[in-house]
Amino acid sequence: MKNRYNWKILNCSDEFSQQVLVDDLNINPALARILVLREIDSYRKARQFFRPTLDDLHDPYLLNGMRDAVKRIIKALTENQKIMIYGDYDVDGTNASAMLYLFLTEIGGNVDIYIPNRLTEGYGISKTGIDEAIQNGTKLIISVDCGITAVEETEYAKNHGVDLIICDHHEPGEKIPDALAVLDPLKPGCAYPYKYLSGAGVTFKLIQAISDSIGMKDYPYQYLDFVAVAGAADIVPLTGENRILVKFGLEKLNNDPRPGFKALIDKAGLKLGNISSSQIVFGLAPRINAVGRLGDASRAVNLLLSKSYDEALYYAEILDKENRNRRQIDEEILNEAIQKVESELNLDEEIAIILHKDDWHIGVVGIVASRLVEKFYRPSILLTSVDGVFKGSARSIADFNLYEALKKCDDVLLQFGGHKAAAGLSIHRDKIEEFKRKFNQIAKEALTPEQLIPTLEIDAVIELNSITPKFRRILEQFAPFGPQNMKPVFLTERVEIFDRPRISPNNHLFMKVRKNGSTVFDVVGYNLGEYAISLLDLNGSFKNTYIDIVYTIESTTINDMVFPQLNLKDFRLSQK
Numbered sequence: 000m001k002n003r004y005n006w007k008i009l010n011c012s013d014e015f016s017q018q019v020l021v022d023d024l025n026i027n028p029a030l031a032r033i034l035v036l037r038e039i040d041s042y043r044k045a046r047q048f049f050r051p052t053l054d055d056l057h058d059p060y061l062l063n064g065m066r067d068a069v070k071r072i073i074k075a076l077t078e079n080q081k082i083m084i085y086g087d088y089d090v091d092g093t094n095a096s097a098m099l100y101l102f103l104t105e106i107g108g109n110v111d112i113y114i115p116n117r118l119t120e121g122y123g124i125s126k127t128g129i130d131e132a133i134q135n136g137t138k139l140i141i142s143v144d145c146g147i148t149a150v151e152e153t154e155y156a157k158n159h160g161v162d163l164i165i166c167d168h169h170e171p172g173e174k175i176p177d178a179l180a181v182l183d184p185l186k187p188g189c190a191y192p193y194k195y196l197s198g199a200g201v202t203f204k205l206i207q208a209i210s211d212s213i214g215m216k217d218y219p220y221q222y223l224d225f226v227a228v229a230g231a232a233d234i235v236p237l238t239g240e241n242r243i244l245v246k247f248g249l250e251k252l253n254n255d256p257r258p259g260f261k262a263l264i265d266k267a268g269l270k271l272g273n274i275s276s277s278q279i280v281f282g283l284a285p286r287i288n289a290v291g292r293l294g295d296a297s298r299a300v301n302l303l304l305s306k307s308y309d310e311a312l313y314y315a316e317i318l319d320k321e322n323r324n325r326r327q328i329d330e331e332i333l334n335e336a337i338q339k340v341e342s343e344l345n346l347d348e349e350i351a352i353i354l355h356k357d358d359w360h361i362g363v364v365g366i367v368a369s370r371l372v373e374k375f376y377r378p379s380i381l382l383t384s385v386d387g388v389f390k391g392s393a394r395s396i397a398d399f400n401l402y403e404a405l406k407k408c409d410d411v412l413l414q415f416g417g418h419k420a421a422a423g424l425s426i427h428r429d430k431i432e433e434f435k436r437k438f439n440q441i442a443k444e445a446l447t448p449e450q451l452i453p454t455l456e457i458d459a460v461i462e463l464n465s466i467t468p469k470f471r472r473i474l475e476q477f478a479p480f481g482p483q484n485m486k487p488v489f490l491t492e493r494v495e496i497f498d499r500p501r502i503s504p505n506n507h508l509f510m511k512v513r514k515n516g517s518t519v520f521d522v523v524g525y526n527l528g529e530y531a532i533s534l535l536d537l538n539g540s541f542k543n544t545y546i547d548i549v550y551t552i553e554s555t556t557i558n559d560m561v562f563p564q565l566n567l568k569d570f571r572l573s574q575k
C-alpha cells in the first residue's frame with residue numbers, strides 16, 4: 000500500500016527536561032516528551048500550561064499606539080461623538096465587532112457597526128464605508144480585524160475630518176497607515192510580547208485598556224466567549240496568551256452562553272457544556288462565515304447581539320440555511336475545479352494549481368482552494384471575475400510561503416494581502432497567464448518533490464497499554480487544541496486487528512485493535528475505507544494481519560459511559 004503521508008517522528012533531544020517533567024509531574028514519559036516538544040520544559044512552564052490564569056495576560060498598554068487609542072475613545076465617549084466600528088465579514092471580524100459594540104454601548108457610547116459587503120466592496124476598509132461614516136456624522140472609526148494595509152483609505156478619512164483607529168492582526172505592508180493609532184502586534188517596532196492574537200484578541204486588549212482607564216479592570220472578562228470563538232475559527236496559534244483567552248472563553252461559552260451562541264449551538268446539533276475549539280471550527284464557524292460569503296454578514300452580527308433566544312433562533316436559522324446553500328455551491332465549484340485540474344494541468348510540470356472561471360462565486364473560492372490543497376497537496380489559487388477584474392483566494396502547503404511568493408509577483412497583480420498560509424489577490428484578465436508562469440516558477444524553485452507529499456508529524460511512539468485513565472485525563476488538560484498545540488498524534492507499531500474491520504457506506508473504516516494482550520480499542524478512520532484494500536487477501540476477505548497505526552486519542556460515550564477511541568490518521572502493514 001502506498002502511504003498517503005510521509006511519517007515523521009518529531010525530534011526531541013532534550014532528554015534531561017523530559018526526565019525532570021516525568022519526576023516532577025509524575026507523568027508518562029510520552030506526555031513529558033510532548034510537553035518539551037511544545038517548549039514546556041520546566042515545572043513552572045508546565046504549571047502555567049495546565050493551570051493558566053487571567054493574571055497571566057499581558058498589559059494591553061504594551062501594544063504600540065494603545066495610549067493614543069484610549070485617549071481618543073474616551074474623548075468620543077465624553078463628547079458623545081458618533082463612533083463607527085468597521086469590521087470584517089468573517090468570524091473573527093463579526094465577533095470582534097459585536098464585542099466592541101456591546102462594550103462601548105454599555106459604557107455610554109454612541110456606536111454603529113459597519114460590515115462591508117464581500118461581494119461588492121471586497122476585503123478591508125473601503126471608501127464606501129468611509130462615505131457612510133461621513134454622511135452619518137461619524138467622527139471616529141475603529142476598524143477591527145482589518146485596516147493594516149488601508150493607507151489610501153486612512154488619508155481619505157483624515158481629509159474628511161474622520162479619525163481612524165486600526166485594530167488588526169494581519170501582516171503589515173511596507174507602509175503603515177497614518178491613522179490616529181494602529182494596534183497590531185506585528186507592526187514594526189511594537190513591543191507587545193505575544194505576536195499571534197486574533198483580530199478579536201487585539202480588540203479585547205483595547206477593551207481591557209479602556210476598562211482599566213475608567214476603573215473597571217475585570218469588566219472585559221464577560222466578553223471572552225467572543226474571543227474564544229474568533230480565535231478558534233481564525234486558526235491562530237493556541238499558545239501563550241491565545242490559549243488563555245480561548246480556554247476561559249470556552250468556559251464562558253459552555254457555562255453561560257449568550258442567546259446568539261446558544262441558538263447557533265442548538266442549530267448545529269452540538270451539546271452545550273462540551274463545546275471545544277474543534278467544534279467551533281467545524282460546527283459554529285461555517286455558519287457564521289456563510290452569510291458573509293454569500294451576502295450580508297451583518298446578519299451574523301445581529302445573531303451575536305440578540306438579546307433573547309427567540310430573536311437569536313431567527314438569525315441562527317438564516318445562518319444555517321445560508322450554510323447549506325454555501326455547501327452546495329462549494330461542491331459544484333469543487334467538482335468543476337477538479338475537472339479543470341485533471342483536464343488542463345500537468346502536475347508533473349506545474350507545481351501550483353491556478354484556476355479561473357468567470358462565474359465562480361467569490362465568497363467560496365477560498366474554501367474550494369483549501370479543498371484542492373487537501374486533495375492534491377499543491378499551493379492552490381482560484382480566481383473569478385468581479386466587475387471586470389479577477390479576484391480570488393490562495394491557500395498553501397506547509398513548506399511554501401504564499402505571501403512571499405505573491406510579493407515576488409506584485410508587478411503583475413493589482414492587489415494582494417494575507418500571510419504565508421492564505422491570501423487574497425486581484426489581477427487583470429490579460430495578466431493571468433503571465434502570473435501563472437511566474438508563480439509556478441517561484442514554486443518550482445522553492446519546493447522539492449518530497450515537499451509535495453504531506454507530512455504526518457508524530458509526537459510520540461507508545462504502546463496501547465500506556466493509554467490508561469490517568470494518561471487520558473492528563474491528555475485532556477492539553478486542550479484547547481489548535482495550531483501549535485494540536486491534539487497529540489501517536490504511533491503504535493504492530494497492533495493486531497481484532498475481529499473483522501467494517502467499512503461504512505460513507506467510506507469510514509471501523510475496526511478493533513489490541514497488542515500483546517492489551518485492552519481492545521475501538522478505531523475509527525474517517526474517509527479511510529478505500530485504503531482498507533491493503534487488508535484484504537486475494538479472495539477479498541480480511542486477512543489476519545498486523546499494522547502500524549498513527550492516531551489521536553478521543554473519547555466516545557456508550558450508555559452514558561465514556562470509553563477511549565482511537566481516531567486513525569494513517570496506517571501501514573507492519574514490516575516487523
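Last residue of the sequence shown: number 575 in numbering that gives the first Met the number 0, and the count goes up by one each step with no gaps.
Just so it is clear, CB atoms sit at the ideal spot from N, CA and C, and this is done for glycine as well.
Nothing here was measured: the structure is a model prediction, and the numbers come from that model.
Skipping 5 residues on each side, what residues in its chain have a beta carbon closer than 7 Å to that of residue i?
i      : result
Asp89  : Asn288 and Gly291
Ser96  : Ile84, Gly86, Ile112, Ile114, Val143 and Val300
Gly107 : Leu76
Could you check what DSSP says for residue i in three-state terms: helix, strand or coil?
i      : result
Pro51  : coil
Gln134 : helix
Leu567 : strand
Pro482 : coil
Ser517 : coil
Leu276 : Sequence inspection shows Ser at residue 276; the Leu mentioned does not correspond to that position. It is helical.
Leu401 : helix
Met0   : Note that Met0 has pLDDT 46, beneath the 50 cutoff, so the model's placement of it is unreliable and no number is given.
Ala190 : coil
Lys174 : coil
Ala422 : strand
Asn506 : coil
Pro448 : helix
Thr77  : helix
Measure the Cβ-Cβ separation of residue i and residue j and say whether it is below 7 Å.
i      : j      : result
Leu179 : Arg46  : no
Ile164 : Ala229 : no
Gly259 : Leu223 : no
Ala351 : Phe438 : yes
Ser210 : Tyr218 : yes
Thr202 : Cys166 : yes
Thr153 : Asp177 : yes
Leu318 : Arg286 : yes
Ile26  : Ile457 : no
Ile431 : His360 : no
Ser197 : His168 : yes
Do you know whose CA, among the options, lies nearest residue i's CA?
i      : options                           : result
Glu78  : Leu139, Thr127 and Lys246         : Leu139
Asn515 : Tyr545, Phe477 and Asp130         : Tyr545
Glu316 : Asp357, Pro453 and Lys266         : Lys266
Glu444 : Glu373, Ala404, Thr148 and Glu492 : Ala404
Pro378 : Val363, Val385, Ile361 and Asn400 : Asn400
Asp410 : Ser425, Leu508, Lys419 and Ala397 : Ser425
Arg499 : Asp309, Gly481, Leu535 and Cys166 : Leu535
Gly172 : Lys194, Glu154, Pro192 and Thr148 : Thr148
Ala199 : Asp183, Lys7 and Gly136           : Asp183
Asn116 : Phe489, Thr454, Lys126 and Arg3   : Lys126
Ile274 : Phe480, Val235 and Leu474         : Phe480
Val363 : Asp91, Gln338, Leu381 and Phe375  : Leu381
Glu529 : Val523, Leu508 and Phe281         : Leu508
Tyr122 : Gly365, Tyr195 and Arg43          : Gly365
Ser41  : Leu20, Ile213, Ala29 and Pro28    : Leu20
Leu455 : Ser517, Asp233, Asn526 and Thr551 : Thr551
Val161 : Asn135, Gln17 and Phe389          : Asn135
Val245 : Pro51, Ala393 and Tyr313          : Pro51
Using C-beta distances below 8 Å, list every residue in its chain close to residue i, excluding the 5 sequence neighbours before and after it, in chain order.
i      : result
Phe520 : Leu463, Ile466, Lys511, Val512, Arg513, Pro563, Gln564 and Leu565
Lys261 : Leu271, Tyr308 and Ala311
Leu53  : Tyr220, Ile243 and Phe247
Closer than 7 Å, CB to CB, is residue i near chain E or not?
i      : result
Gly391 : Of the protein chains in the structure, only one exists, and it is not chain E.
Among residues of its own chain, excluding the 5 on either side of residue i, which ones have a beta-carbon nearer than 6 Å to its beta-carbon?
i      : result
Gln476 : Phe49
*Would you call the region 58-69 and the region 172-192 in contact, with 3 or more CB pairs under 8 Å?*
yes
(message) For the structure I just gave you, are there three or more beta carbon pairs, one from the region 405-421 and one from the region 316-335, closer than 8 Å?
(response) no
Item to complete: Would you check if there are 3 or more beta carbon pairs closer than 8 Å linking the region 129-147 to the region 101-119?
Response: yes
(message) Tell me whether the region 294-302 and the region 337-356 touch, counting them as touching only if at least three CB pairs, one residue from each stretch, are closer than 8 Å.
(response) no
Does the region 46-57 come close enough to the region 226-243 to have 3 or more Cβ pairs within less than 8 Å? yes
- Contact the region 8-21 vs the region 36-45: 3+ CB pairs below 8 Å: yes
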